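Beneath this line is the structure, given in structure tokens, with notes to follow.
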């Protein structure tokens with residue numbers, strides 16, 4: 018879905034797009050391995066999928082190139 022790449026999505030949706038578990042993505046964010054595009058007032062992470070894929074590709078993590 019082309020539109021998905023240009024909007025911010027929650028952790029669950031981002032993880033599904035990458036083919037990983039949401040807890041894995043949350044753990045990577047907590048460790049500082051990846052950085053969300055923003056955080057809501059309630060503390061929920063929001064992701065730009067293109068930027069997230071680029072971060073993962075930089076780290077050499079497989080799902081970033083999966084096209085998910």
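Residue numbers (my numbering): 18 to 85.
Ideal Cβ positions, reconstructed from N, Cα and C, are used throughout, including at glycine.
As the structure is a prediction and not an experimental result, all values here were calculated from the model.
Could you check whether residue 70 and residue 25 sit closer than 8 Å to each other, using their CB atoms as the reference points?
Your numbering for residue 25 matches position 8 in the chain shown. Your numbering for residue 70 matches position 53 in the chain shown. In this structure, residue 70 does not lie closer than 8 Å to residue 25 by Cβ.
Thinking residue 41 and residue 47 are a contact (beta carbons under 8 Å), I'd like their distance in whole angstroms, please.
Along the chain shown, read from residue 1 onward, the residue named residue 41 stands at position 24. Along the chain shown, read from residue 1 onward, the residue named residue 47 stands at position 30. In this structure residue 41 is not in contact with residue 47, their Cβ atoms being roughly 11 Å apart against a cut-off of 8 Å.
For residue 24, which three-state DSSP category applies?
On the chain shown, residue 24 is found 7 positions in, with the first residue counted as 1. The three-state secondary structure of residue 24, taken from DSSP, is coil.
So, for residue 57: in the same chain, excluding its five sequence neighbours on each side, which residues have a beta-carbon less than 7 Å away from its beta-carbon?
The count along the chain shown starts at 1 and reaches residue 57 at position 40. For residue 57, where only same-chain residues beyond five positions count, the Cβ hits under 7 Å are 63.
Where do the ends of the alpha helix (DSSP H) carrying residue 65 lie?
Within the chain shown, numbered from 1, the residue matching residue 65 stands at position 48. From DSSP, residue 65 is part of no alpha helix (DSSP H) but of the beta strand (DSSP E) over 62–65.
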